[in-house]
Amino acid sequence: MPYAMLRSVASYVPANCVPNSAFEGLLDTTDEWIQKRTGIKTRYFASPKEKSSDLGVRAAKLAIERAGLKKEDIDLVLVGTLSPDYVAMPSTACGLSAKLGLENTPSMDLIAACSGFIYLLATAKAFVESGMYENVLIVGAEKCSSVLDFSDRSTCVLFGDGAGACVISPTEDIKKSILDVKIAANGNFGDYLYTPRNIKGSAFCPGHEDSQALHMKGNEIFKLAIKTLLKDVEEILQANAITPEQIAYFIPHQANLRIIQAVQNQLAFKEDQVVLTVQKYGNTSAASIPMAMNDIFEQGKLKTGDLMLLDAFGGGLTWGSALVYFGEKA
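In this note's numbering, the protein residues as written are -4 to 325.
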């Protein structure tokens, strides 16, 4: 049975860079306040005409090219997003596939919010290792700005738009494989982070029935995220007899610098092991991990055989972690 390999990575950010100062005239906030509480300095917002699939297809094309493949070689497309092109259908994955020029390729969305990329990895790994599909395109594509309430200081300064994509293919070499992925969820905390439907009587949002903007219980999410991620990361390392010293890069979901540093300090990761992009891109949800991975790839830091530890926590509540060797194109 083959192993699944992360064969390539790519990302895309829209053109409009938005500094913290842009919010100072809109909200009771300052650049200093935002940086102190989140670590964020800038984020990128898509244009009104752009959809999540438009961002995703830019990253997808580059990921396919870097994998040394043609679009016709892709036999499954998976997209993770909390900001889909449409409320329910067609899926963002179908829109992305159409923009790639694929007509008969199965395509579907996975909804796991900020844990989306870890869920995509787990699903692609299962499909490839079962032999059902050979080259799986996974894309985290987010136009978070489309689900934000720009009068809500607690959420609108946190998120940004962007996309990250990877191709997952088979390999015989375990040292180039997706070594392990663990995902989990607890729907009892669903009201901690949600986007309500615009219908009367929505389950999680009494008083917010007319809004589709993202709602978040920030303090509760912050505390639970640190506790959950620490436990999750420790368990996956122990299960695979991996020590923090063996990790080339720790790439967490880029939600908040204080959450990342709390996990980093508990596990004693060195500064050069931790990949940080939250200061540049903000929280790009399902796109944040592949975008961060692409940053170190394009900087020439990420090499074939480097072992990465990925972890994420998001609405649902969902969470997950992964141990991934960086592979190479065939």
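Even glycine gets a Cβ: it sits at the ideal position worked out from N, Cα and C.
Under 9 Å, do Gly309 and Ser6 count as touching if we go by C-beta distance?
-> In the sequence shown, the residue the question calls residue 309 occupies position 314. In the sequence shown, the residue the question calls residue 6 occupies position 11. No; because the gap between Cβ atoms is not below 9 Å, this pair is not in contact.
Delimiting residues of the alpha helix (DSSP H) encompassing Tyr114 = On the sequence shown, residue 114 is found 119 positions in, with the first residue counted as 1. Tyr114 -> alpha helix (DSSP H) spans 111 to 125.
Specify whether the segment 179 to 188 and the segment 241 to 261 touch according to this definition: at least 3 beta carbon pairs, one from each stretch, less than 8 Å apart.
-> The segment 179 to 188 vs the segment 241 to 261: no contact.
Drop a sphere of 10 angstroms on the beta-carbon of Gln241, count the other beta-carbons inside from all chains shown, and report buried for 16 or more, exposed for fewer.
-> Within the sequence shown, the letter at position 246 stands for residue 241. Counting C-beta atoms within 10 angstroms of its own C-beta, Gln241 has fewer than 16 neighbours from the protein chains shown and is therefore classed as exposed.
Rounded to a whole number of angstroms, what is the C-alpha to C-alpha distance between Met303 and Val82?
-> On the sequence shown, residue 303 is found 308 positions in, with the first residue counted as 1. On the sequence shown, residue 82 is found 87 positions in, with the first residue counted as 1. In a straight line, the C-alpha of Met303 is about 34 Å away from that of Val82.
Run the CB neighbour count on Phe145, radius 10 Å, all protein chains shown included, and call it buried at 16 or more, exposed below.
-> Taking the first residue of the sequence shown as position 1, residue 145 is located at position 150. Counting Cβ neighbours within 10 Å, Phe145 comes out exposed, since fewer than 16 surround it.
From Thr299 to Ile169, what does the alpha carbon distance come to, in whole angstroms?
-> Sequence index remark: in the sequence shown, residue 299 carries index 304 (1-based). Sequence index remark: in the sequence shown, residue 169 carries index 174 (1-based). Thr299 and Ile169: Cα-Cα distance of roughly 12 Å.
Would you kindly report the start and end of the unbroken alpha helix (DSSP H) that includes Pro285?
-> Within the sequence shown, the letter at position 290 stands for residue 285. Boundaries of the alpha helix (DSSP H) harbouring Pro285: 283 to 293, taken from the DSSP string.
Is Phe245 helix, strand or coil when you go by DSSP?
-> As a first step, residue 245 is located in the sequence shown; it is residue number 250 there, counting from the start. Here Phe245 sits in strand by DSSP.
Per DSSP, cross-strand counterpart(s) of Phe217 | As a first step, residue 217 is located in the sequence shown; it is residue number 222 there, counting from the start. Paired residue(s): none; Phe217 is not in a bridge.
Hey, would you say Cys161 sits closer than 9 Å to Phe18, going by beta carbons?
-> For the purposes of this step, residue 161 is taken as the residue at position 166 of the sequence shown. For the purposes of this step, residue 18 is taken as the residue at position 23 of the sequence shown. No, the pair does not count as a contact, with Cβ atoms beyond the cut-off.
Take the Cβ of Met(-4) as the centre, count every other Cβ of all protein chains shown within 10 Å, and call the residue buried at 16 or more, exposed below.
-> As a position in the sequence shown, residue -4 is number 1, starting the count at 1. Exposed.
How is the alpha helix (DSSP H) around Ser149 delimited, first residue to last?
-> Position 154 of the sequence shown, counted from the first residue, corresponds to residue 149. Unbroken alpha helix (DSSP H) run through Ser149: 148 to 151.
Same chain, Cβ closer than 8 Å to Tyr187, neighbours up to 5 away in sequence not counted = Your numbering for residue 187 matches position 192 in the sequence shown. The residues are Met211, Lys212, Glu215, Ile216, Leu219, Gly310, Leu312.
Assigned exposure category for Asn235 - 16 Cβ within 10 Å defines buried = What you label residue 235 is simply residue 240 of the sequence shown in a count that begins at 1. Its Cβ having fewer than 16 others within 10 Å, Asn235 is exposed.
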